[in-house]
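Here's what the structure looks like:
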């Protein structure tokens, strides 16, 4: 029996809203983390201020010496419940 998988283009993920199972908006996707090849797989979604700066290749160029660098927040791919209508919904977490 064939296993059916849905294909998602990386460009379609960029800018998607990330919403928890409870409906709280965490932010928008600015980049993705992928595994080593040759069979690349998305391992995490990056979001938040640090994610945007990282995506634009400007990770904190103007930060002062006293200011710690902003790091992107990430959501592991396994925590995603669904992706539809420009929204990524997360699974309910029993650990939170």
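In the numbering used here, the protein residues as written are 95 to 190.
For glycine and all other residues, C-beta sits at the position ideal for the given N, C-alpha and C.
Host alpha helix (DSSP H) of residue 105 (start-end): Mapped onto the chain shown, residue 105 falls at position 11. It spans 104-107 - the alpha helix (DSSP H) in which residue 105 sits, taken as one unbroken run.
Spatially closest choice to residue 104 from 120, 126 and 122, by CA coordinates: As a working mapping, residue 104 is identified with position 10 in the chain shown. Ranking 120, 126 and 122 by Cα distance to residue 104 puts 126 first.
Local conformation of residue 173 per DSSP, three classes: Here the question's residue 173 lines up with position 79 in the chain shown. Helix, per DSSP.
Rounded separation between residue 183 and residue 118 - CA only: As a working note, residue 183 is residue 89 in the chain shown. As a working note, residue 118 is residue 24 in the chain shown. The straight-line gap from Cα to Cα measures roughly 10 Å.
Sub-9 Å separation of residue 80 and residue 128 beta-carbons: Not covered by the structure: residue 80. The range shown for the chain is 95 to 190.
Beta-bridge partners of residue 141, as assigned by DSSP: Working through the chain shown from its first residue, we reach residue 141 at position 47. 123 and 167.
Beta-carbon proximity list for residue 170, same chain, < 8 Å, skipping 5 on both sides: Here residue 170 refers to the residue found at position 76 when the chain shown is read from its first residue. The answer, listed in chain order, is 137 and 138.
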